[in-house]
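Engineer: Pasting in a structure now, in structure tokens, and then I'll have a few things to ask.
2 protein chains.
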Amino acid sequence: MPTSKKQSSSLQEKPGISSPEITNIAAINQIKNKRRKQPSSQELIKGILEGNRTSLSRAITLIESTNPEHAAKANEIVNGCLAHANKSVRIGITGVPGVGKSTFIEVFGKFLTALNKKVAVLAVDPSSSLSHGSILGDKTRMEELVKDENAFIRPSASGDTLGGVARKTRETIILCEAAGFDTIIIETVGVGQSETAVHSMVDFFLLLKISGAGDELQGIKRGIMEMADAIVINKADGDNIKKANLAKLEFNRALHLFPAKKSAWTPKVSTCSAITKDGISDIWKTISDYFEMTNESGFFQEKRKEQNQFWLMETINEQLKSNFYNQPEIILQLEENKKAVQNDEMSPFAAAQELLKLYFK
Amino acid sequence: MPTSKKQSSSLQEKPGISSPEITNIAAINQIKNKRRKQPSSQELIKGILEGNRTSLSRAITLIESTNPEHAAKANEIVNGCLAHANKSVRIGITGVPGVGKSTFIEVFGKFLTALNKKVAVLAVDPSSSLSHGSILGDKTRMEELVKDENAFIRPSASGDTLGGVARKTRETIILCEAAGFDTIIIETVGVGQSETAVHSMVDFFLLLKISGAGDELQGIKRGIMEMADAIVINKADGDNIKKANLAKLEFNRALHLFPAKKSAWTPKVSTCSAITKDGISDIWKTISDYFEMTNESGFFQEKRKEQNQFWLMETINEQLKSNFYNQPEIILQLEENKKAVQNDEMSPFAAAQELLKLYFK
């Protein structure tokens, strides 16, 4: 019978169940060794800087983990990679479902790797915790790119708030850059708040559209068109070409009406077909022109600095709110005060002051 | 010589300065009586509900005061007026300097009082603490309206942040409504964040423009056009009429390209002249149509409820930030961490976490 010594692993036997003194020392040691093999932060940083994809993937998994130990390790890795990051162009691509984002990114990505670019494709999709990774979740939709050794595809981190997904994506960008990827594509779906988050982490923002009947801008969330550095009308092939050209005209007219951008860049409208590949090289030309111009003017670096500041403050502000709104007594009192405000018994400001007094007491 | 009894008022004499035992009892009592005459909250509420303009003005002064005692009293008054508020239409009017906002509001206000409306004109201008009340500060710019007994004009509360000015304006709206004003006009200058604040406190948002050469939309802050329920091209008189009509065409085309509004309202573009008064009644017709439609659909009440919720949360969030960023140790550490982020020694997220740990410790 085994002694009553504390069980530290289910690999060891349970008391009360008869078994030999030692089940299988060799097997236990083998498993223990494998467990021990979890690479250290330093090993992962080294691997990433050497361009090792397994190290990169493992580190991203740590970033995505909700385990606090993993979070600490992920922090070390991100901070260790920072000095080697930033040498890339970051391109955001958005568009409502149905515009052909995956197919476009597949073709555009292949075009870039043929130019010897190293391309990482990431996604921001806070809804993916519900839809189980609707964006990039099905890697088979990019079956050519996924096999390309100069491309790295990672689905959206899931099971989280937009703030959480955004943080994870931002940190993943840093690791990808440290691993030598020079072109980072961030995909997002054009419905919701996620475009604003993506806009705040990329250098260039591309809005993908298709031509449709009537109002060309239906279905785009307010403000997204104003964010775009380029609008590309996809599926401009076959019978669609004429409609696509008309849409191009209409978008050009609309963009002309917007106030000038801080970058001094005039957004470009073009058509393309992911099937015939027409217009793909023009898009890269537009993006290259943008980078040349903003590098020369200093706007490129300026914007990255601003984005860093933005995320620093944004993280703080989100945490402050999260701490407040998760206090049990605040949750209760907020419900009551909301009702009092709706019934005109209390002004919104008086209601807020009461809650703040409760929180800071 | 006076005794060393504690001096409680400068109306009493100072020790060391010879003077009669009592300076002037009659004078002191007279001044003390005047001081005592400050009306109570209940008296002010009663006055406001009777439509007494002096009570209204005094209560607004309490709202604008930075004295904590006044703030408590103001809170009582606002909460006492709440049940009698809300019976009005709230119209926001914005436009860059030079479009003729004051003249337009004067003419539009006179038009409304002629229809037996009771019109209150308020302003949101957080810059007024610097410019000493640029908006509505000079009441002589509305010399007809200011004399109108059915109009009440109040310049922007000054010396404060946008959040502060917004709160004071929101509370002033409540008092004006309780005093029987049925049409509230909120003026703001079309440069900065203040339009978003005003948009969140009005039912109808009017963008005032003039026709110019070339790009009609230059100088409007991003997003403002999307907020507008109506765009009015002012100064459409004399030689300007043709240009104004062209501008109207261009704006109509631009508005048509925006996604549909939640209110299901299609923004209207029109021209007007504050000099010839052409187009003024059409603007009121548009606004009336809007109110009829949104009242019927329920959107009107829905939006007001949402705005109340917005201001409840907004006040809380602003206070949480203000408390955090004003801690002396946070101010110091934030400076250091910002530098570390700019030098790529720390990720924005790690920098934020460090600060949050410091705050919540």
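Sequence lines, in order, name chains A and B. All residue numbers for the first sequence refer to my numbering, where the first residue is 8 and numbers rise by one. All residue numbers for the second sequence refer to my numbering, where the first residue is 8 and numbers rise by one. Note that beta-carbon positions come from the ideal geometry of N, C-alpha and C, so glycine has one too. Because the structure is a prediction, the values reported are computed rather than measured.
#1: Compare the C-beta of residue 186/A with all C-beta atoms of chain B and state if any pair is closer than 8 Å.
#2: On a Cα-Cα basis, can you pick out the residue from 269/B, 273/B, 313/B and 246/B that is closest to residue 280/B?
#3: For residue 137/B, which residues from the same chain have a beta carbon less than 7 Å from its beta carbon, with the 5 sequence-adjacent residues on both sides left out?
#4: Let me make sure I understand the geometry here. Which of 255/B, 267/B and 270/B has the alpha-carbon closest to that of residue 286/B?
#5: List in chain order: all unbroken alpha helix (DSSP H) runs of 4+ residues lying wholly within the stretch 187–256 of chain A.
#6: So, for residue 125/A: in the same chain, excluding its five sequence neighbours on each side, which residues have a beta-carbon less than 6 Å away from its beta-carbon?
#7: Should residue 283/B go down as buried or exposed, given a rule of 16 or more other Cβ atoms within 10 Å for buried?
#8: Pull up the distance between the alpha-carbon of residue 45/B and that of residue 51/B, whole angstroms please.
#9: From the DSSP output, in three-state form, read off residue 310/A for me.
#10: Assign residue 329/A to one of two classes, buried (16 or more other C-beta atoms within 10 Å of its C-beta) or exposed (fewer than that).
#11: So what's residue 106/B in DSSP terms, helix, strand or just coil?
#12: Would you mind working out which of 175/B, 361/B, 185/B and 252/B sits nearest residue 208/B, comparing C-alpha positions?
#13: Can you tell me which of 101/B, 97/B and 61/B puts its alpha carbon nearest to the alpha carbon of residue 203/B?
#14: As a quick exercise: from 275/A, 366/A, 264/A and 87/A, pick the residue whose alpha carbon is nearest that of residue 294/A.
#15: Of all the options 178/B, 310/B, 243/B and 270/B, which has the alpha carbon lying nearest to the alpha carbon of residue 80/B?
#16: Under 8 Å by Cβ, that's how I've got residue 99/A and residue 152/A pegged, so tell me the actual separation to the nearest angstrom.
#17: Helix, strand or coil: how does DSSP classify residue 58/B here?
#18: Pick helix, strand or coil for residue 138/A, following the three-state DSSP scheme.
#19: So, helix, strand or coil for residue 267/B, using DSSP?
#20: Give a yes or no on whether 8 Å exceeds the smallest Cβ distance from residue 174/A to chain D.
#21: Alpha carbon to alpha carbon, how far is residue 354/B from residue 162/A?
#22: What are the complete alpha helix (DSSP H) segments, minimum 4 residues, inside the stretch 294–364 of chain A?
#23: Return helix, strand or coil for residue 122/B, following the three-state DSSP convention.
#24: In three-state DSSP terms, what is residue 101/A?
#25: Any beta carbon of chain A sitting closer than 8 Å to that of residue 323/B?
#26: Given this structure, state the Cα-to-Cα distance separating residue 252/B from residue 261/B, to the nearest angstrom.
#27: Label residue 326/A either buried or exposed according to how many other C-beta atoms from any shown protein chain fall within 10 Å of its C-beta, with 16 as the threshold for buried.
#28: From which residue to which residue does the beta strand (DSSP E) around residue 368/A run?
#29: Three-state secondary structure (DSSP) at residue 160/B?
#30: When we look at the beta-carbon of residue 358/A and count the other beta-carbons within 10 Å, is it buried (16 or more) or exposed?
#31: Taking the C-alpha atoms as reference points, what is the distance between residue 318/B and residue 130/B?
#32: Could you have a look at residue 288/B and say whether DSSP puts it in helix, strand or coil?
#33: Taking the Cβ atom as the reference point for each residue, do residue 182/B and residue 323/B lie within a distance shorter than 8 Å?
#34: Whole angstroms is fine: what's the gap from residue 94/A's alpha carbon to residue 169/B's?
#35: Expressed to the nearest angstrom, what Euclidean distance is found between the alpha-carbon atoms of residue 269/B and residue 236/B?
#36: Rounding to the nearest angstrom, what Cα-Cα distance links residue 298/A and residue 307/A in this structure?
Structural biologist: To lay it out plainly:
#1: No, residue 186/A does not count as interfacial toward chain B.
#2: Of 269/B, 273/B, 313/B and 246/B, the residue nearest in Cα terms is 246/B.
#3: Annotation note: pLDDT 45 at residue 137/B (below 50); position unreliable, coordinate value reported separately. Within the same chain, residue 137/B has no close Cβ partners at all.
#4: Of the candidates 255/B, 267/B and 270/B, the one whose C-alpha sits nearest the C-alpha of residue 286/B is 255/B.
#5: For the stretch 187–256 of chain A, whole alpha helix (DSSP H) runs of length 4 or above, ordered along the chain, are 201–206 and 231–234.
#6: Cβ neighbours of residue 125/A beyond the five flanking positions: 157, 187, 188 and 189.
#7: So residue 283/B counts as exposed.
#8: Just so you know, the alpha carbons of residue 45/B and residue 51/B end up roughly 10 Å apart.
#9: Here residue 310/A sits in helix by DSSP.
#10: Classification for residue 329/A: exposed.
#11: When secondary structure is reduced to three states using DSSP, residue 106/B falls in the coil class, being assigned neither helix nor strand.
#12: For residue 208/B, the nearest C-alpha among the options comes from 175/B.
#13: Ranked by Cα distance from residue 203/B, the first of 101/B, 97/B and 61/B is 101/B.
#14: Nearest C-alpha to residue 294/A: 275/A.
#15: Residue 178/B is the option with its Cα nearest to residue 80/B.
#16: Not really, about 18 Å apart at Cβ, beyond 8 Å.
#17: DSSP, read as helix, strand or coil, puts residue 58/B in coil.
#18: Note on residue 138/A: pLDDT 46, under 50, position unreliable in the model; no value is reported.
#19: The answer is coil: DSSP assigns residue 267/B none of H, G, I, E or B.
#20: Absence of chain D from the displayed structure is noted, the protein chains being A and B.
#21: It is roughly 22 Å from the alpha-carbon of residue 354/B to the alpha-carbon of residue 162/A.
#22: Taken in chain order, the whole alpha helix (DSSP H) runs of length 4 or more contained in the stretch 294–364 of chain A are 306–332 and 335–349.
#23: In the three-state DSSP reduction, residue 122/B falls in the coil class, being neither helix nor strand.
#24: In the structure shown, residue 101/A sits in a strand (DSSP, three-state: E or B).
#25: Judged by the 8 Å Cβ criterion, residue 323/B is in contact with chain A.
#26: Whole-angstrom Cα-Cα distance: 14 Å.
#27: Counting Cβ neighbours within 10 Å, residue 326/A comes out buried, since at least 16 surround it.
#28: That residue, residue 368/A, is in no beta strand (DSSP E); it is neither H nor E in DSSP.
#29: Of the three classes helix, strand and coil, the one that applies to residue 160/B here is strand, per DSSP.
#30: Buried, since its Cβ has 16 or more Cβ neighbours within 10 Å.
#31: Approximately 18 Å between the Cα atoms of the pair.
#32: Here residue 288/B sits in helix by DSSP.
#33: The beta carbons of residue 182/B and residue 323/B sit no closer together than 8 Å.
#34: Pairing residue 94/A with residue 169/B, the inter-Cα distance amounts to about 39 Å.
#35: Rounded to the nearest angstrom, the two C-alpha atoms are 11 Å apart.
#36: Using only the alpha carbons, I get a separation of about 7 Å.
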